[in-house]
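In our numbering, the protein residues as written are 27 to 502.
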RNA sequence: CGGGGCGUAGCGCAGUCCGGCUAGCGCGCCUGGUUCGGGACCAGGAGGUCGGUGGUUCAAAUCCACUCGCCCCGACCA
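Right under this line is the structure:
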């Protein structure tokens, strides 16, 4: 029945691209590695933004905006940071028809420009904390790109906070990690594992990087959000000090954290099926589409009128659309809205009008549910919540079923290839061991759990004692 | 950067090996009509510097050289 969408089990990568095309979310642009986010895709981003923005503000953050351009010398002030980002920076050398005295980097992230600014804002402990977020675009010249998951330019939010104590900075880092986790689970309906990155995987310039990791339908892991405790690294690099209560000068403690348009890719790969996009209701820009059905002109008027009556008081309460376009037949419309991931479709034809009912169809299950027209909106609202929960549960079960414990390296190596998934392994903490199994399995340590159960065991590579298991998987 | 693929109508492609009429097909689009509870059908129509430059030739989408770009698979990364 489906045209134009490759089956998931035939070619997952192609399926992903096909779903994006079918749902009209984005397309490749004339510029390599860049994408045009089309209205359907951008609307999802706006839903993500709106909710996260509420959550950031509820936790005391405010928005600001820092420049796109960063003097090249700024980037070089933090050693690890420059090493990590320099290779993927786009640099502007000419402007206004002249060669610039100092080249400008197009921000790959804004720590450096922000800390050079915070320096002027902070003198006393009374100036702290600073809790700022910005919604922005950034550019990272990646070798290989994939729509939404990794593009040369992408949209994100980056929070940058400044604190008087190490403890406060750590609390902030964890607070945001919690926000991300809640957002992923409650809004994206994506269960996530939460933990710390290994030194090898952490952000360039951070003391510690925390993140949330979600499993996609191909059993690969996608990092969906990161929260960094930057310690005093950037304060030292930019000489940002404050006078504490006792009058002593101290370097400021910093955090930074972000999520990006990658989340749209995560949504696609978490829930969608061979018929196209499936969106969790809470992030669906359009939640309901009502399709009046008719044969003759008289019926057309009647059903259209009925549809208008039925939804007369919906406008402030739910995002919906009546698709009464006359140039398409119902089957075409069913398919079109399905591809686009609208959670609920309401069919209403002459038979329904006569029976004072409608047929409600769930996008996630395809289930058709006849419903009385009376009190339709609350029933729909309830169903949307049900769907939101069901999507989460389904994703959770899928992930749990594909998460294993492994103690034998050979077994792990074969299992990561087939069937694939997440593996809890004992790891001694030695980067050499990390590199070893990374090279041989192409899988990486996704997280070290923070509050996971302690369990003694031998490192799966070298056999030395390990205090707990770490999560390993192939990733995007 | 390595490997592979592709640039011909808005999209997907055929034609290229072996040069030759006015460059085709499907989808989509426009007009009219019949249709309408799971991707309708009929008729008519619009739409092309064949990625670019140079060369070979009476003649180039097709052969040669150079070049630009994009996509996919790997190494780097949110």
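Even glycine gets a Cβ: it sits at the ideal position worked out from N, Cα and C. Just so it is clear, the structure is predicted and the values come from calculations on it, not from any experiment.
Own chain residues within Cβ distance below 8 Å of residue i, not counting five before or after
i, result
"residue 109", "230"
"residue 77", "209, 213, 308, 309"
"residue 190", "151, 154, 155, 268, 270, 276, 278, 279"
"residue 445", "245, 428"
"residue 376", "319, 320, 321, 325, 328, 329"
"residue 120", "126"
"residue 118", "95, 126, 129, 130, 131, 132"
Residues bridged to residue i (per DSSP)
i, result
"residue 95", "132"
"residue 221", "237, 475"
"residue 121", "124"
"residue 397", "384"
"residue 87", "None, per the DSSP bridge assignment."
"residue 247", "241, 501"
"residue 284", "184, 252"
"residue 404", "Bridge partners of residue 404: none, in fact."
"residue 372", "316, 386"
"residue 329", "DSSP, once it has assigned bridges, lists no residue as partnering residue 329."
"residue 53", "62"
"residue 164", "180"
"residue 549", "Summary: the structure shown does not reach residue 549, with the chain confined to residues 27 through 502, and so no result is reported for it."
"residue 491", "484"
"residue 158", "88, 186"
Contact under 9 Å by Cβ, residue i with residue j
i, j, result
"residue 256", "residue 195", "yes"
"residue 158", "residue 90", "yes"
"residue 307", "residue 370", "yes"
"residue 283", "residue 185", "yes"
"residue 74", "residue 303", "no"
"residue 402", "residue 384", "yes"
"residue 113", "residue 421", "no"
"residue 406", "residue 498", "no"
"residue 268", "residue 150", "yes"
"residue 359", "residue 352", "no"
"residue 368", "residue 389", "yes"
"residue 426", "residue 215", "no"
"residue 487", "residue 221", "no"
"residue 305", "residue 346", "no"
"residue 483", "residue 433", "yes"
"residue 19", "residue 314", "The structure shown does not extend to residue 19, since the chain is modelled only from 27 to 502, so the question has no answer here."
"residue 166", "residue 111", "yes"
Close-in-space but distant-in-sequence residues of the same chain around residue i (CB under 6 Å, 5 per side omitted)
i, result
"residue 181", "163, 287"
"residue 206", "238, 251"
"residue 253", "199, 202, 203, 236, 283"
"residue 115", "131, 134"
"residue 107", "230, 231"
"residue 489", "none"
"residue 469", "442, 498, 499, 500"
"residue 467", "439, 442"
"residue 372", "316, 384, 386"
Supposed contact pair residue j and residue i - C-beta distance, whole angstroms, cut 8 Å
i, j, result
"residue 192", "residue 278", "With a Cβ gap of about 11 Å, residue 192 and residue 278 do not count as contacting."
"residue 30", "residue 50", "That pair is no contact at about 12 Å."
"residue 42", "residue 295", "6 Å"
"residue 263", "residue 104", "4 Å"
"residue 428", "residue 241", "6 Å"
"residue 211", "residue 502", "Wrong, their Cβ atoms sit about 19 Å apart, outside the cutoff."
"residue 301", "residue 226", "Between residue 226 and residue 301 the Cβ distance is about 40 Å, and since that is not below 8 Å, they are no contact."
"residue 92", "residue 143", "7 Å"
"residue 493", "residue 480", "6 Å"
Own chain, CB closer than 7 Å to residue i, minus 5 neighbours either side, in chain order
i, result
"residue 265", "145"
"residue 224", "460, 471, 474"
"residue 28", "At residue 28 the pLDDT is 40, less than 50, meaning the model places this residue with poor confidence; the figure from the coordinates comes in the next sentence. Cβ neighbours of residue 28 beyond the five flanking positions: 300, 301."
"residue 398", "382, 383"
"residue 391", "none"
"residue 379", "328, 329, 332"
"residue 485", "452, 453, 454, 459, 492"
Original post:
Is there contact here, the region 248-255 with the region 121-129, by at least three beta-carbon pairs under 8 Å?
Top reply: no
Original post:
Quick check: the region 328-337 against the region 308-320, are there 3 or more CB pairs under 8 Å?
Top reply: yes
Subject >> At least 3 beta-carbon pairs within less than 8 Å: the region 172-180 vs the region 58-67 >> reply: yes
**OP:** Answer yes if the region 434-441 comes into contact with the region 197-215, meaning at least three C-beta pairs across the two stretches below 8 Å, and no otherwise.
**Re:** no
**OP:** Would you check if the region 441-458 and the region 468-484 touch, i.e. whether three or more CB-CB distances between them fall below 8 Å?
**Re:** yes
**OP:** Spell out a yes or no on whether the region 335-352 and the region 32-41 are touching, meaning 3 or more CB-CB pairs, one atom from each, closer than 8 Å.
**Re:** no
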